[in-house]
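Each remark here refers to the structure printed beneath this line.
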Amino acid sequence: MNADIPYKIYLDEKELPKAWYNLRADMINKPAPLLNPETRQPSTVEELSQVFCKELAAQELDETNPYIEIPEPIRNFYKMYRPAPLIRAYFLEKALNTPAHIYYKFEGNNTSGSHKLNSAIAQAYYAKQEGLKGVSTETGAGQWGTALSMASAFFGINCRVFMVKCSYEQKPHRREVMNTYGAYVTPSPSMDTEIGRKILEEHPGTSGSLGCAISEAVEFALNNPGYKYALGSVLNQVLLHQSIIGLETMTALDKYNIKPDVIIGCAGGGSNLGGLISPFVGRKLKGELDCRFVAVEPASCPSLTRGKYVYDYCDTGRVCPLQKMYTLGSGFIPSSSHSGGLRYHGMSSLLSQLYDDKIMEAISVTQSEVFGAAVTFARTEGTLPAPESSHAIYAAMQEAIRCREEGKHENIVFGLTGTGYFDMLAYGKFNAGQMNDYVPTDAEIEASLQQL
Ligand SMILES: *Cc1c(COP(=O)(O)O)cnc(C)c1O
Numbered sequence: 255m256n257a258d259i260p261y262k263i264y265l266d267e268k269e270l271p272k273a274w275y276n277l278r279a280d281m282i283n284k285p286a287p288l289l290n291p292e293t294r295q296p297s298t299v300e301e302l303s304q305v306f307c308k309e310l311a312a313q314e315l316d317e318t319n320p321y322i323e324i325p326e327p328i329r330n331f332y333k334m335y336r337p338a339p340l341i342r343a344y345f346l347e348k349a350l351n352t353p354a355h356i357y358y359k360f361e362g363n364n365t366s367g368s369h370k371l372n373s374a375i376a377q378a379y380y381a382k383q384e385g386l387k388g389v390s391t392e393t394g395a396g397q398w399g400t401a402l403s404m405a406s407a408f409f410g411i412n413c414r415v416f417m418v419k420c421s422y423e424q425k426p427h428r429r430e431v432m433n434t435y436g437a438y439v440t441p442s443p444s445m446d447t448e449i450g451r452k453i454l455e456e457h458p459g460t461s462g463s464l465g466c467a468i469s470e471a472v473e474f475a476l477n478n479p480g481y482k483y484a485l486g487s488v489l490n491q492v493l494l495h496q497s498i499i500g501l502e503t504m505t506a507l508d509k510y511n512i513k514p515d516v517i518i519g520c521a522g523g524g525s526n527l528g529g530l531i532s533p534f535v536g537r538k539l540k541g542e543l544d545c546r547f548v549a550v551e552p553a554s555c556p557s558l559t560r561g562k563y564v565y566d567y568c569d570t571g572r573v574c575p576l577q578k579m580y581t582l583g584s585g586f587i588p589s590s591s592h593s594g595g596l597r598y599h600g601m602s603s604l605l606s607q608l609y610d611d612k613i614m615e616a617i618s619v620t621q622s623e624v625f626g627a628a629v630t631f632a633r634t635e636g637t638l639p640a641p642e643s644s645h646a647i648y649a650a651m652q653e654a655i656r657c658r659e660e661g662k663h664e665n666i667v668f669g670l671t672g673t674g675y676f677d678m679l680a681y682g683k684f685n686a687g688q689m690n691d692y693v694p695t696d697a698e699i700e701a702s703l704q705q706l
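Here's what the structure looks like:
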């Protein structure tokens, strides 16, 4: 082991960021504005406040303040599990026999098992500040629902979770963790909302989708006074909260004067990747850093690599604002995959703009490739990674192999967003050689895009 750089670069509690970084303030081409689905005019804070907490609605539309102070109670909560370590993957490097240095930012050090807690605690805090009774939300793989349950319990508010049906069935323990934190969880589509009943009628036996669960959660918030809706990804406010990942990573790398050559993250709705790369993209835009940024998405739900950059609905029920993004169409229901957290039809508008401007690249990978990388990582670095995170591992390994072939030293940084303890059914399938790699055909994607 090289003594110059420790296996883990820890930050001191005092180095925990005091403000989130809002990349939009420094972007030349800003993401296109959210549109009101009825008037087709840019959404206002007042309109967004019907669904979201007022302070969060303001953050959603803020394109001018590069730094937004993190309120003290949120910082105090962060101290329970942050700063998160940046780890040098010495053992993986050795296994790959690469001259590259690989670093990963580990966000799985909390009970929710992922980075989602970074935004959940902020959203629960603002709900409490506004005097609300509770929040409603959707969850795909279950990490976001768990995170929001934890955050709601901490601030003493209710949490109503619509959990995508296939996850609800695949992950009963996840569901029970949420119940333990006091949340009320139902499978989606459910009979509890109008949109849920409609989708069940049209697609009986559907395994559900994030887009559908979002619609149910929004409808619930609109029909129940004292509730607002919370979303775990995609939105600007979520990328803003997740910037804590990138800010800490930057501080850690700066300590050892390490310049990243490529930064990689998995992309579902784009929040962990957006949060990880934001401060570095800011530097790049100012000409202070030369670095590639790579989004890795599942081949089963390839919004960046095979979608279209257009205005689309964020949800199947078409009640949320329209957002310009790379999308497969809000009616797209991806095949049941083991990376539930990446099964979203669209992509953050900020990342979509960076991709369109060629500041960020994107690739898509199949489930088998991803689990192969996950197993190698677990056996070399010890941590059992979440399937979602393993998309980034796969891409980081490919970059490291490229460096070996080119005989080049590069610094590769990736986000290890979470742990995979609740994904053993999926690991079991892979270990038994029974994993299938469903990739949608062009005709299927075209049919969904036709409905835009
Ligand atoms: C939700 C989730 C993701 C994907 O969500 P993003 O908003 O794209 O970051 C990735 N990894 C884990 C572990 C997750 O829980």
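In my numbering, the protein residues as written are 255 to 706. Idealized CB from N, CA, C, for every residue including glycine.
With three or more C-beta pairs closer than 8 Å as the rule, is the stretch 543-560 touching the stretch 427-447? no
Should SER713 and SER525 be called a contact, given that it needs their Cβ atoms to be closer than 8 Å? The displayed coordinates of the chain run from 255 to 706. Any statement about residue 713 would go beyond what the structure contains.
Closest to LYS359 by C-alpha separation, out of SER602, GLU660, SER461, ILE517, would be which residue? ILE517
Give the C-beta separation of LEU346 and GLU635 to the nearest angstrom, bearing in mind that I take them to be a contact with Cβ-Cβ under 8 Å. The pair is a contact, with the Cβ atoms about 5 Å apart (cut-off 8 Å).
What span of residues does the beta strand (DSSP E) with PRO291 cover, start to end? No beta strand (DSSP E) holds PRO291; DSSP gives it neither H nor E.
Excluding the 5 residues flanking TYR321 on each side, which residues of the same chain have their C-beta closer than 8 Å to its C-beta? ALA273, TRP274, TYR275, ASN276
CB-CB under 6 Å to PHE631, same chain, minus the five flanking residues each way: which ones, in chain order? PRO639, ILE647
If you measure between the beta carbons of TYR379 and PRO337, is that distance less than 8 Å? no
Within the stretch 270-338, ranges of the beta strand (DSSP E) (whole runs, at least 3 residues): 273-275, 321-323
Using a Cβ-Cβ cut-off of 7 Å (strictly less than) and excluding sequence neighbours within five positions of PRO339, which residues of its own chain qualify? LYS262, ILE263, TYR264, PHE360
DSSP state of CYS413, grouped into three classes? strand
Assess contact between the stretch 447-463 and the stretch 413-424, defined as three or more Cβ pairs (one per stretch) separated by less than 8 Å. Is contact present? yes
Span of the alpha helix (DSSP H) around VAL624: 621-635
Span separating the alpha-carbon of LEU454 from that of SER643: 31 Å
Alpha carbon to alpha carbon, how far is LEU371 from ALA381? 15 Å
Using 7 Å as the cut-off, classify the Cβ of TRP274 as near or not near the heavy atoms of ligand 1, replying yes or no. no
Quick one: Cα of PRO271 to Cα of GLU700, how far? Computed Cα separation, rounded: 44 Å.
Is it right to say TYR681 is buried, meaning 16 or more other beta carbons lie within 10 angstroms of its own, or is it exposed? buried
Could you tell me whether the stretch 616-623 touches the stretch 682-692, where touching means 3 or more Cβ pairs closer than 8 Å? Yes, the stretch 616-623 is in contact with the stretch 682-692.
So what's GLN705 in DSSP terms, helix, strand or just coil? coil
Assuming contact is defined by CB atoms lying nearer than 8 Å, are VAL488 and VAL305 in contact in what I supplied? It is not a contact, given that the beta carbons lie outside the stated cut-off.
With DSSP collapsed to three states, give me the class of GLU361. coil
HIS355 in three-state terms, based on DSSP: strand
Does DSSP classify GLU551 as helix, strand or coil? strand
Let me confirm a value: ARG294 is counted as buried when at least 16 other C-beta atoms fall within 10 Å, else exposed. Which label applies? exposed
For ARG708, does the three-state DSSP call read helix, strand or coil? Any question about residue 708 goes unanswered here, given that the chain covers just 255 to 706.
Host alpha helix (DSSP H) of SER591 (start-end): Where SER591 is concerned, there is no enclosing alpha helix (DSSP H), given that its DSSP letter is neither H nor E.
State yes or no: is the C-beta of SER403 nearer than 7 Å to some heavy atom of ligand 1? no
Where does the unbroken beta strand (DSSP E) through CYS520 begin, and where does it stop? 516-520
Pairwise C-alpha distance: ALA616 and VAL693: 17 Å
Taking LEU464 as the reference, give the member of GLU267, ILE587, PRO552 with the closest Cα. ILE587
Could you spell out the range, first to last residue, of the alpha helix (DSSP H) harbouring VAL431? Start and end: 426-434.
Looking at the strands, I want to know which residues DSSP matches up with PRO441. Answer is MET417.
Helix, strand or coil at ALA343 [DSSP, three-state]: coil
Nearest-angstrom Cα distance between THR391 and ALA374? 11 Å
Exposed or buried, ARG597, counting other C-beta atoms within 10 Å across all chains shown (16 or more means buried)? buried
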